[in-house]
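**Student:** Here the sequence shown stands for residues 1 to 256, where the numbers follow UniProt numbering. Think of the CB as a built atom: it goes at the ideal place given N, C-alpha and C, for glycine as much as any other residue.
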Amino acid sequence: MAGVNFQNAAFAKSVFAQTLSSVLSVAFSPDGKILATGDVNGIISLWQVPDCQQLLTLKGHHGWVWAIAFSPDGQTLASGSNDSSVRLWDVTSGGCVRVLQDHTSGVWSVSFSPDGKLLATGSQDFLVRLYDVSHGKCLKVLHGHTNGVWAVAFSPDGQIITSGSADQTVRLWDAAEGACLKVLYGHSSWVRSLAWSLDGRMLASGSQDETIKLWDAKTSECKKTLIADRLYEGMNITGVTGLTVGQKATLKALGQ
């Protein structure tokens, strides 16, 4: 921008004060004061929320950072990357505390247990792994999915681990024993996200099939399927002229 003078501009509180690459993952610290972001360059940034200033840059991954999560006490950050590793970071210093390298493909999801002692990870290698956070030891490997695991989440009481996969299923696992308790069927495409209600009675799953399903955690029954209205829902194109065959097919597909 030739000729523009920014000498007296106040950028201190602007959200564009730093240059960002494509951001794949974001997470707030438990106290809401820090925002962590992971990008396609393998870089994790820690931001001070009140003034939007960058606090630390965490470097070590050699691939896209698909997932990040704060421990419940806010002292540790876990990150999962396309480089097949999980890293644990000290939030205060920005130092890498531990590197977990058991997965054989990209790590797409990470989740701490409510007490912060365990970490669940989901990977493109079809596996869910359960780690002891303090020692970095892999305690259990959960087999069952037949495609990559996009999402993992602990129940609020920490007794159940849920995983969502590109095999179109959601699995519920016993966190203590590692046994698969239930397999939830109903989605017709990849399950990319999971969230528990605070009381632990409901589980939500989001899928590439453009639906959100609400499951009863006790009975495993799908209580509700949420579907957003499509852009051209209900449009009647009968008699419309000037559209190509391809355009008509596209409008019909968008309205189905």
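1) Hey, G106 and W150: beta-carbon distance below 8 Å or not?
2) How many Å lie between L139 and D199 at the Cα?
3) Assuming S71 and T57 form a contact by the criterion Cβ under 8 Å, report the distance between their Cβ atoms to the nearest whole angstrom.
4) Extract the residue ranges of the beta strand (DSSP E) inside the region 120-198, only unbroken runs of 3 or more that lie entirely within it.
5) Report back the beta-carbon spacing between Q168 and H187 to the nearest angstrom; my notes put them in contact at under 8 Å.
6) Between G38, E210, S113, which has its C-alpha nearest P156's C-alpha?
7) Reducing DSSP to helix, strand and coil, say where V86 ends up.
8) Would you report the Cα separation of G60 and S84, rounded to the nearest angstrom?
9) From which residue to which residue does the beta strand (DSSP E) around C222 run?
10) Would you mind reading off the limits of the beta strand (DSSP E) that contains G42?
11) Using C-beta distances below 6 Å, list every residue in its chain close to D174, excluding the 5 sequence neighbours before and after it, in chain order.
12) My guess is that A166 and W196 are in contact by the Cβ rule of under 8 Å, so how many angstroms apart are they, rounded?
13) Please classify G95: does DSSP put it in a helix, a strand, or coil?
14) Please name the residue in V91, A176, G122 whose C-alpha comes closest to that of V152.
15) Rounded to whole angstroms, what is the Cα-Cα separation between V26 and E221?
16) In or out: G80 buried (at least 16 other Cβ within 10 Å) or exposed?
17) Any idea which residues DSSP pairs L214 with across the strands?
18) Restricting to Cα atoms, I'd like to know which of I34, G42, H62, A228 is closest to Q53.
19) Please report how far the alpha carbon of W64 lies from the alpha carbon of T225, in whole angstroms.
20) Around the Cβ of Y131, are there at least 16 other Cβ atoms within 10 angstroms (buried) or fewer (exposed)?
21) So if DSSP puts Q53 in a beta bridge, which residue, or which two residues, is it bridged to?
22) On the DSSP letters alone, give me the boundaries of the beta strand (DSSP E) that S79 sits inside.
23) The beta strand (DSSP E) that contains W64, what's its start and end?
24) Please classify R201 as buried or exposed, where buried requires at least 16 other C-beta atoms within 10 Å of its C-beta.
25) If distances are taken between C-alpha atoms only, which option among T219, T146, V183 comes closest to T162?
26) Measuring alpha carbon to alpha carbon, tell me which residue in S109, D90, S193 is nearest Q208.
27) Cα separation between P50 and V23?
**Tutor:** Taking the definition as stated:
1) no
2) 27 Å
3) About 20 Å separates the two Cβ atoms, so there is no contact after all.
4) 128-132, 137-142, 149-154, 160-165, 170-174, 180-184, 191-196
5) 5 Å
6) S113
7) strand
8) 12 Å
9) 222-227
10) No beta strand (DSSP E) holds G42; DSSP gives it neither H nor E.
11) L181
12) Going by Cβ atoms, the distance from A166 to W196 rounds to 21 Å, so no, they are not a contact pair.
13) coil
14) G122
15) 31 Å
16) buried
17) A204, K224
18) I34
19) 32 Å
20) buried
21) Q48
22) 76-81
23) Where W64 is concerned, there is no enclosing beta strand (DSSP E), given that its DSSP letter is neither H nor E.
24) exposed
25) V183
26) S193
27) 20 Å
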